[in-house]
Every structure is written in structure tokens, then in C-alpha cells.
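Peer 1: From first to last, the protein sequence lines are chains B and L.
All the letters of the first sequence, read from the start, carry residue numbers 1 to 600 under the numbering used here.
All the letters of the second sequence, read from the start, carry residue numbers 1001 to 1251 under the numbering used here.
The beta carbon of each residue, even a glycine, is placed where N, CA and C say it ideally should be.
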Amino acid sequence: MATDGKYESHEYDVIVIGAGGAGLRAAIEASAQGAKTALICKSLLGKAHTVMAEGGIAAAMGNIYPEDNWKVHFRDTMRGGKLLNNWRMAQIHAQEAPARVLELEEWGALFDRTKDGRILQRDFGGHRYARLAHVGDRTGLEMIRTLQQHAVHKGIDVFMECTIARLLKDGDKVCGAFGYWRESGRFIAFRSKAVVLATGGVGKAWKITSNSWEYTGDGIAMAMDAGADLIDMEMVQFHPTGMVWPPSVRGILVTEGVRGDGGTLKNSEDKRFMFNYIPEFFRAETAETEKEADAWYEDKKNRRTPDLLPRDEVARAINAEVKAGRGTAHGGVFLDIASRRSADYIQKRLPSMYHQFKELAGVDITKEAMEVGPTCHYIMGGVRVDGDTTATTVPGLFAAGEVAAGLHGANRLGGNSLSDLLVFGRRAGHHAAEYAKKLTGRAAVGEDQIAAVSQELLAPFHGEGGENPYSIHMELQDCMQSLVGIIRTESELKKALGEIDRFKERTKRIAVEGNRQYNPGWHLALDLRTMLAISEACTRSALERKESRGGHTRDDYPKTDPNLGKVNVVIRKRNGELTLSQEARPEMPDDLKQLLEEQK
Amino acid sequence: MAAEEFVMQVWRGDAAGGAFKEYRVPAGEGMVVLDVIHAIQARHASDLAVRWNCKAGKCGSCSAEINGKPRLMCMTRMNSLDTSEPITVAPMKTFPLIRDLVTDVSFNFEMAKRVPAFKPRPKEADGTYRMQQEDIDRVQEFHKCIECFLCQNVCHVIRDHDENKRYFAGPRLFVRYAALEMHPLDTNDRRELLKERMGLGFCNITKCCTEVCPEHIHITDNAIIPLKERVVDEFYDPLARLVRKITGKKS
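1. With a threshold of 9 Å between beta carbons, is B/W206 in contact with chain L?
2. Any idea if B/R574 is buried or exposed, counting beta-carbon neighbours within 10 angstroms, 16 or more meaning buried?
3. Going by beta-carbon coordinates alone, are B/T114 and B/A53 separated by less than 9 Å?
4. Are any of the Cβ atoms in chain B nearer than 9 Å to that of L/F1118?
5. Using a Cβ-Cβ cut-off of 9 Å, state whether B/W245 counts as contacting chain L.
6. With 9 Å set as the bound, which would you pick, yes or no: does the beta-carbon of L/M1131 sit closer than that to a beta-carbon of chain B?
7. Could you work out which residues of chain L lie near B/M353, taking near to mean beta carbons separated by less than 9 Å?
8. Would you verify that the beta carbon of B/L141 is, or is not, closer than 9 Å to some beta carbon of chain A?
9. Determine, using beta carbons only, whether L/N1053 comes closer than 9 Å to chain B.
10. Taking only runs that begin and end inside the stretch 225-279 of chain B, name each unbroken beta strand (DSSP E) of 3 or more residues, in chain order.
11. With DSSP collapsed to three states, give me the class of B/A58.
12. Quick one: which chain B residues come within Cβ less than 7 Å of L/E1029?
13. Within the 9 Å Cβ cut-off, does B/A30 reach chain L?
14. With a CB to CB cut of under 8 Å and the five nearest residues on each side skipped, what residues in its chain are close to L/K1093?
15. In the DSSP assignment, the beta strand (DSSP E) including L/A1064 goes from what residue to what residue?
16. Could you please give me the residues that DSSP links to L/P1026 through a beta bridge?
17. Of all the residues that make up the stretch 161-184 of chain B, which are near chain L by a beta-carbon distance shorter than 8 Å?
18. Tell me which residue opens and which closes the alpha helix (DSSP H) that B/I144 is part of.
19. How many whole angstroms separate the CB atoms of B/G201 and B/I379, which I take to be in contact at a CB cut-off of 8 Å?
20. Roughly how many angstroms lie between the CA atoms of L/M1001 and L/A1027, to the nearest whole one?
21. Ignoring anything shorter than 4 residues, give me the alpha helix (DSSP H) runs that lie fully in the stretch 431-465 of chain B, in order along the chain.
22. Going along the chain, which residues of the stretch 1098-1113 of chain L sit with their C-beta nearer than 9 Å to a C-beta in chain B?
23. Give the straight-line distance between the Cα atoms of L/N1108 and B/G185, rounded to the nearest whole angstrom.
24. Looking at chain L, which residues of the stretch 46-80 of chain B have a Cβ within less than 7 Å of any of its Cβ atoms?
25. Can the beta-carbon of B/L132 be found less than 9 Å from the beta-carbon of B/I57?
26. I believe L/Y1177 touches L/R1190 by the beta-carbon criterion, under 8 Å. Please report the beta-carbon distance rounded to the nearest angstrom.
27. Name the chain B residues whose beta carbon is nearer than 8 Å to that of L/G1199?
28. Mark B/K207 as exposed unless 16 or more other C-beta atoms lie within 10 angstroms of its C-beta, in which case mark it buried.
29. Would you say B/V394 and B/G332 are within 9 Å of each other, going by their C-beta atoms?
30. For L/D1233, tell me which candidate among L/R1244, L/K1055, L/E1124 has the shortest Cα-Cα distance.
31. Among the residues of its own chain, which have a CB less than 7 Å from the CB of L/S1251, if the five just before and after it don't count?
32. Please work out which residues of its chain come closer than 6 Å, Cβ to Cβ, to B/H10, disregarding the five sequence neighbours upstream and downstream, and give them in chain order.
33. Figure out for me which residue from B/E214, B/C175, B/G362, B/L580 has the closest Cα to the Cα of B/S43.
34. Considering only residues of the stretch 324-377 of chain B, which uninterrupted beta strand (DSSP E) runs meet the minimum length of 3 residues and lie entirely inside it, listed in chain order?
35. Any Cβ of chain L within less than 9 Å of the Cβ of B/S471?
36. Which of the three DSSP states, helix, strand or coil, is assigned to L/V1232?
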């Protein structure tokens, strides 16, 4: 083991933590502004969660339906988010997304084309028009590779397999970050004028999840520790369609593009059950018959199929069907495209879904229905940011992508994540660089901060009590899945808080084996701390919001409460304790309010 | 369910040396090799080093040699293997070992830095580009690459001759060069670089790379051979070269 307290040091204007779509786009922009920029990521470059995104990038380019424009996209996003969204972010997002897609093309991305040679756009849940720029069902791969190659050619310094554990502060300002190389376990410190968080979400705290090992809430927890506000932490998205069988693949994502391209959900009685779950909020715009629903794919004068209601609605409907005994043998429902589209079409539009089911489940999706069920996919809540600049409430700290909150409100629409990463990644990089330029002098990094975090990081090697990090992680996942899942209730949320407290105690007794070199047991022991902190924040927020809205459904408060639509649940950490409050959301200006009315 | 438990021999060690170590875990339905590795971590060896991310064949992190064959651990189902014998899992051989199943793949990232960047032609008057689907189909095939580096791992030019890594980009990078060279918008010319510095001529078309590609990219037929033809046209066909010089066309 290397001597405690020793570390290497680097100095930058801007460091970006996380190298998915938002981090890469932020680093590219900061660097373009002339800031000396570093990009730091937990995995190898190009492996972040963005690579798994399938369906597409939502942008109102109007290539298929000229009547589409930012105003319609704004309205769809706000309504999909049950109006809890930061309206300024929803506005900027809808306005800037088309330019960000075209920019990717300028950097080498090749999207699927229309007959007249423009970017093809696909239907998705909650979007009024076919709006998602895509490449088959591997859009995220195209996006991350394009950004990765562009960043590499811009000469941005990349620190791969490097985990950041703590933000460093000089007074009230953020002035750097500290962490370790995964390969060697050695410590590394960054002194930096500005820091951009682009660390994604926390899906790995749930058992059935589409998220990889990396999604442990690091960025949200580090921001909270540094004093930043968190909002909407109760808003967790369960994607309606994850694989359910065999058990080893449970949770792996099945793109919404299957339904966008014509697939329908059916129960074990072969009924298209979504017609029974159309909520009042979306009734006027949703088809009531199978005939009307099918006609919508060809002609948008018809109303949208309920199979493409926003994700929160569809996930709850599937959950209810299974509970009512109309699920499949493995506890899911059927997703059928085989009987509705030709084998050629399916293979062309959904090649990786075809491959995934064939290889992992032995199912040929051109011939049979898939079995699907909800899987933890995304957190709408996170670090509170300014809509224009992505600045958090801590000077020098910016956040973009899933780690940030606001754009998606109570529920994110499919396709709005990739566009979020591009729009706000760019803004984060831009404003972080601007902030860094204005800052004079050199920040003072207290050695005491570094000594303290070094000691914490090495604690699992000295633990006594023989707790195994893998066991605690699995029990946490069970707890969050069963007690803080799709449907919540006060008694279960309180029970979860008790369990989380006990897990926290147990993590103090973790003893990891081996040394600091590439040691996953040690890494998990450290990631558990952030997962537990964020699980607690999520559960406490869920207790606080006594209504059902979007990704937050309370069995004991099944209705939406208009008064609670006017507030965010805000979490802050002060003197080691979490504080919760309900804070009024800014009033939407009249011109935007009018858009919500007009575009019905 | 055939077997009640899986027996796996996993390579444990670092650059200084190591050996296969045998582990037993309960068998479960539909398990892939990566599930068994995770079960070993949880039950027997919490420090067993392995790279993985998506667990769905999309990120290309979990490359290894399973029973001697280069494959993705997340896409290799246990019931596709003969589990009456112990399954061996070893790190990729072509790259320097870091620990257990994790290798130092930085060679690939260094080579990627040396690829001359995409340089698009000017946009149309309306500020966009027009391209027909049939003109991008072949490049989209190359863009499917998930950078698992299994093709690099099996390529005997570098697998058996480490010293060649200085002069040889390898199949993954040839796919990247092909994607750029055949991109309808690109205006850069990388043929001389491919010939002089990237070792395109070292490839003698044994197709080992194509066989292991989990994305089924026709690396040899669709990327490497057409690149070789372009280099030949440029440097060994004086007439064609002259015509192109005069007309300014890129073939």
C-alpha cells in the first residue's frame, strides 16, 4: 500500500468530471473558450452510459412534420414532466436542441436519412411529432463516439479510470477535486478554477435497473457535501420496458423505439391494455381505439397511441396489469412488434434489440413477442442549477446532464436526455470557462481537506467486522426496489430509512481484501457511501411529497395536489445533517404559459 | 437446467506473474460468463479485477479470452459452453496485463489520437448537409464498432510481435480510417499515412479480426481490403493518379 497522504497534483482552469455526453460536450466547449481543460472519467473513454442510449435525440427540426417547432417540444416536455419542470431549462432545451444535432453531424455523426437526404426523425413517447434524430437503435453510441473523437482531436487531457471522491473548497468556492486512479489506487488532486459535474445518476441503488456499475450518485453526493442544493430527489424514472427473462438480464433496457416504430404492449389475455390506462391529463390527445392508434403512425391528425404515453404512465400500467394477474409467466407483459411489422423492417430499425434478445434470451423478435417490465432508468432530481448557466448554488461548481435537475420535472420524455446532454453540456462548458476567466489569483487548497478525504478513502482497508461490500449493496438494492420503487407509501418509506441507517452502520465495518491496485471490492465500498447518501435523500424527499406526480407515485396520496406542483422539495446538507424544505418555484412568464394553452 | 454449479478457472495475477484459480458458484438460468465472474467477486474474491459497464454488448468493456476464444463476457451464455469441464477465463493476451482480467488497452487510444480528424466539406445553402441513406450505409456499418478491441487482440501482427505496435494501427483503427475515408462529407486524405505509418500493408487478410467481431462488422472485406485498394490506386497506378490530380477527385 502506498504511503497515506501522498498524491499527484494537476492544475486546470476547468475540470469536467464524467465523460458521457454532457461531460464530453462540456469539455469540448470549455476548451473551445480557451480554458485549459481536463476530462476525468471512472471508466475508459467512450464507455459511459450515453453509449447505451438507443432511441434517439429529441430535437424539433421539423424534417418529417414541418409543423413541429420548439414551442411544441417545450409544451410536450413540460406536460411530460407534469409541469414541475424548470420552465427556463425546458425553453432553452427545445430552442437549442436542433442546432446541437446539426453540430454533431458537422463533427462526423451519420444519422439515418429521409428520402430527400435530411436527418430522419422517429416517434417516441409523449412527443407530438416524430422528433428523434437517430441511428437505428444505437444513437448513443454514435453520439458518444462522435464527441469522443472530436474531444481527442481538440487535445483535451483525459484522465481515464480515475474516480473523483471529493470536491475541494476554498472558503465558499469550489477549487478542485480529489480522487484515485482505479488502476493503481494512488491518489490524485486537481486544482481548478471551475468544476463541471457530469456524473450521471444513481440507478445502481435499485435491484432491477438499466444502469451500469458506475451509476452510484457520486456527483450528486459530492455536490451535496460541498453545500449545493438538491431538488426533486423523489423523482425517479422507471422505464416501462426492461428485459425480464432470463433472470440474469433482468432490467436491461428495451428501447421505447420498439413502440415508436409500431410495437404494442399486450397482457396475457392478448389485450392491448394501455387503452384502459389513459389518464385525464392526456385524454384529449390520446387515441381511444386500436384503429385510431394505428392510424396515428401514418397521419398525425389522429391522436397518439396510448402505448406511447409518457414513461411514468406506461410503467404504472404495466405494474398494475402484472399485479392484477394478467402478466406473463415471468412477471412482465408482452411487447409485440413481430405481428405488426415485417422482419426486414424490424432488423433495419432495431438491430441491437434483435441481437440482444436473440443472444441473451433466445427470442427472435421478428417472430415472437418480447417479455418486458419496468426497470429503474433515470433520476429527474439532482443538483439544482441555474437554467441559463448551469451554475449550482456553490460558486465555481456547474452541473449538466442527469446529475442536474430541473429540465425534466417529474418525468423525463424519451429522447430528451441525449438532447439535454448536448444543450446543457455545452452551456456548462461555456459558463465554467467564463467563470474561470474572471477568477484572479490562485485558490488555496487546504491540506487538511486532502488529509481527511485520504483517510476516509483508505478506511475500508482497516475495517474491522468483516462486512462484505457486495452483500450490503445487494441488500440496499432489494430495499430500494421493494420500498422506494414505482409505488410508494409512508410506512414503507420509513422502513427504508431505518434500513438505510443500518446499512450505513454496516459500511463502517467493511473490510476489503487485497491491495489498492484495481480492486473492485474497495471501489464498491467507496461507491456504497454515495449510493447510501443519495438513497436517503431520495427516500426522505419521497416522504415529503405527499401526492402522486410523474415518477413519484404514493399509494397513500394517489392524487396530484396542485399546491405541491408549485414547489420543489429541496435538500441541503448542513453540519453533516440533511435538511428538507419546500420552496416555491419561479412563476412562468405569460408568453410561455400561453404556449401550454395554445398548443393543445 | 443442466449443471447445478459452474466451475470456472479465472486468471489471477499481475504483470509480475499469476495463475488460474478455480472457483465454484451456483448455476442460474440464462447466466452469462460475466454473471459468474460477478458471483465469484461477491462470494469468493471481492478484489477480482474485471472491466464491465453495460452488460448488454453495447459498450465493449468486458473483453476476455473464454476457453481460449476472444469474446465479450456479457454476451457469452454459459449454456453455449460445455460446462461439464471447467470454463477458463483469461485476460486479452495482446495487451499488457494490469491485474486479473484487466489489461492496459492504452495502445488503442494512442493510435486513435494519430488519426487525422474528420474534415467536412462546406454545408448546403440552408446550413445543413444532404446525404442519401445508400451513401452512408457502408459507413454506418463501421460506426457500429463498440471498441471492445477483440480484433486488435487476435490480430497476429501485434499479438505475436509486440514491436509492431509502433508501426501498425490494427483492425479497429483501420475500421475507423475506412469510416473517415468513405464518409460522404470528409475531405481529408489519409492514404499516405496508412501506407507509410499505420502498417496497412502488414495485414495479410487472414480475417481473424472479422471472426471475433461481436458487432459482425466485415472488417477485412468492407474496411481493410477497400483501404488497401485505395492505397494501391493512389501509389501504384500512375495513370489513375494523374487523372485524379487533374480532376481533383478522391475516388
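Peer 2: Let me lay it out:
1. By one-based count along the first sequence, residue 206 of chain B stands at place 206. It does not: the Cβ of B/W206 has no partner Cβ on chain L nearer than 9 Å.
2. Locating residue 574 of chain B in the first sequence gives position 574, where the first residue counts as 1. With fewer than 16 other Cβ atoms within 10 Å, it is exposed.
3. Your numbering for residue 114 of chain B matches position 114 in the first sequence. Your numbering for residue 53 of chain B matches position 53 in the first sequence. Against a cut-off of 9 Å, the Cβ pair of B/A53 and B/T114 comes out as no contact.
4. Residue mapping note: residue 1118 of chain L aligns to position 118 of the second sequence, counting from 1. Output row for L/F1118: interface = yes.
5. Numbered from 1 along the first sequence, position 245 holds the residue referred to as residue 245 of chain B. With 9 Å as the cut-off, B/W245 counts as an interface residue toward chain L.
6. Residue numbering aside, residue 1131 of chain L sits at position 131 when the second sequence is read from its first letter. At least one chain B Cβ lies under 9 Å of L/M1131.
7. If you number the first sequence from 1, residue 353 of chain B lands on position 353. Neighbours of B/M353 on chain L: none; closest Cβ ~10 Å, over 9 Å.
8. Annotation note: the requested chain A is absent from the structure, which comprises protein chains B and L.
9. Start at 1 with the first residue of the second sequence, and residue 1053 of chain L comes out as number 53. Output row for L/N1053: interface = yes.
10. 236-243, 264-266
11. To locate residue 58 of chain B, count along the first sequence from 1; it is residue 58. Note: B/A58 maps to strand in three-state DSSP.
12. In the second sequence, counting from the first residue as 1, residue 1029 of chain L sits at position 29. Neighbours of L/E1029 in chain B, taken as residues whose beta carbon is under 7 Å from its own, are P246, P247 in chain order.
13. On the first sequence, residue 30 of chain B is found 30 positions in, with the first residue counted as 1. B/A30 is outside the set of residues whose beta carbon lies under 9 Å from a beta carbon in chain L.
14. Sequence index remark: in the second sequence, residue 1093 of chain L carries index 93 (1-based). The answer, listed in chain order, is E1065, N1153, R1159.
15. Within the second sequence, numbered from 1, the residue matching residue 1064 of chain L stands at position 64. Unbroken beta strand (DSSP E) run through L/A1064: 1063-1066.
16. Translated into positions along the second sequence, residue 1026 of chain L becomes position 26. BP columns for L/P1026 point to L/E1005.
17. E183
18. In the first sequence, residue 144 of chain B corresponds to position 144, counting from 1. Looking at the DSSP string, the run of the alpha helix (DSSP H) that includes B/I144 is 139-153.
19. Counted from its first residue, the first sequence places residue 201 of chain B at position 201. Counted from its first residue, the first sequence places residue 379 of chain B at position 379. Contact between B/G201 and B/I379 is confirmed by a C-beta separation of about 4 Å, below the 8 Å threshold.
20. Locating residue 1001 of chain L in the second sequence gives position 1, where the first residue counts as 1. Locating residue 1027 of chain L in the second sequence gives position 27, where the first residue counts as 1. Unreliable placement is indicated for L/M1001, whose pLDDT of 46 sits below 50; the coordinate value is still reported in the next sentence. C-alpha of L/M1001 to C-alpha of L/A1027: approximately 8 Å in a straight line.
21. 447-462
22. I1098, R1099, D1100, V1102, D1104, V1105, S1106, F1109, A1112, K1113
23. Within the second sequence, numbered from 1, the residue matching residue 1108 of chain L stands at position 108. Within the first sequence, numbered from 1, the residue matching residue 185 of chain B stands at position 185. Between L/N1108 and B/G185, the C-alpha separation is close to 23 Å.
24. G46, K47, V51, M52
25. Here residue 132 of chain B corresponds to residue number 132 of the first sequence, with the count starting at 1. Here residue 57 of chain B corresponds to residue number 57 of the first sequence, with the count starting at 1. The Cβ atoms of B/L132 and B/I57 sit closer than 9 Å to each other.
26. Here residue 1177 of chain L is taken as the residue at index 177 of the second sequence, counted from 1. Here residue 1190 of chain L is taken as the residue at index 190 of the second sequence, counted from 1. Confirmed, Cβ separation roughly 6 Å.
27. Looking up residue 1199 of chain L in the second sequence gives position 199. Chain B residues near L/G1199: none, gap ~21 Å exceeds 8 Å.
28. The residue you call residue 207 of chain B lines up with position 207 of the first sequence. That one is buried.
29. Taking the first residue of the first sequence as position 1, residue 394 of chain B is located at position 394. Taking the first residue of the first sequence as position 1, residue 332 of chain B is located at position 332. Cβ atoms of B/V394 and B/G332: not closer than 9 Å.
30. Residue numbering aside, residue 1233 of chain L sits at position 233 when the second sequence is read from its first letter. Out of L/R1244, L/K1055, L/E1124, L/R1244 has the C-alpha closest to the C-alpha of L/D1233.
31. For the purposes of this step, residue 1251 of chain L is taken as the residue at position 251 of the second sequence. Below a pLDDT of 50, predicted positions are generally treated as unreliable, and L/S1251, at 47, falls in that range; the measurement from the model is reported next regardless. For L/S1251, the CB contacts under 7 Å within the same chain, skipping 5 residues up- and downstream, are R1230, D1233, R1244 in chain order.
32. Here residue 10 of chain B is taken as the residue at index 10 of the first sequence, counted from 1. The answer, listed in chain order, is F190.
33. Numbered from its first residue, the first sequence carries residue 43 of chain B at position 43. Looking at the Cα atoms, B/E214 is the closest of the given residues.
34. 333-336
35. Indexing the first sequence from 1 puts residue 471 of chain B at position 471. True, the Cβ-Cβ gap to chain L drops below 9 Å.
36. The sequence position of residue 1232 of chain L within the second sequence is 232, counting from 1. For L/V1232, the three-state secondary structure derived from DSSP is helix.
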